[in-house]
Every structure is written in C-alpha cells, then in structure tokens.
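Residue numbers (my numbering): 4 to 100.
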C-alpha cells in the first residue's frame, strides 16, 4: 500500500509541475491565480499522501492545513487587488461615485 501512495504522490506532483507552465505563460492573471491555487491543492494532497504512506498522518495534517490557509489568503488577496484596480480604473474614467 505504501508504494501505491508514493506513486500517487509522484503523479500529483507531476501534475502540479505541469501547472507551472500555466503560471509562467498563462493568458491572463486569473488563469495564473487558478494555477497557483492548483499548487496549494496539489501540495495538500501530496503532504497527506506522504503522511499516510509513512504512517504518521498527525504531523502532516498541520502542514497541510497551513498550506490550505495560505492558498485561501492568496485567493482573497488576488480578488481584493482586482477589485481595487477596477475601482481605480472606474474613478479615472469618471464613472466613480
């Protein structure tokens, strides 16, 4: 079972590595942000699979939860920055309130 979990971890990490192409060459900032969220999700999955394969899942859960929190904060920061930029563009164009 341990070798299966390690193989699944390798597959997850390979897919996350493919997502790096979208981060580097993404057509828009939103596509890049979604690929960055893939890093968070894939990292969580990889940590949990590694923890399960070694039998020490308790220590790995903390790291996975912190990674999930960081990914959520990154998404919130992206949305807030986009909202602020949109409001600034509206104000420059004279559509502000």
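Ideal Cβ placement from N, Cα and C applies to all residues, glycine included.
Taking buried to mean at least 16 other C-beta atoms within 10 Å of its own C-beta, is residue i buried or exposed?
i	result
residue 53	buried
residue 14	exposed
Am I right that residue i and residue j are in contact with their C-beta atoms under 8 Å? What's the rounded C-beta distance?
i	j	result
residue 23	residue 55	Incorrect: roughly 25 Å between the Cβ atoms, too far for contact.
From residue i to residue j, what does the alpha carbon distance come to, in whole angstroms?
i	j	result
residue 60	residue 89	43 Å
residue 57	residue 28	36 Å
residue 96	residue 80	24 Å
residue 47	residue 91	36 Å
residue 78	residue 36	7 Å
residue 65	residue 12	18 Å
residue 33	residue 87	15 Å
Relative to the C-alpha of residue i, which candidate in the options has its C-alpha closest?
i	options	result
residue 75	41, 64, 49	41
residue 20	67, 6, 44	44
residue 51	16, 80, 38	16
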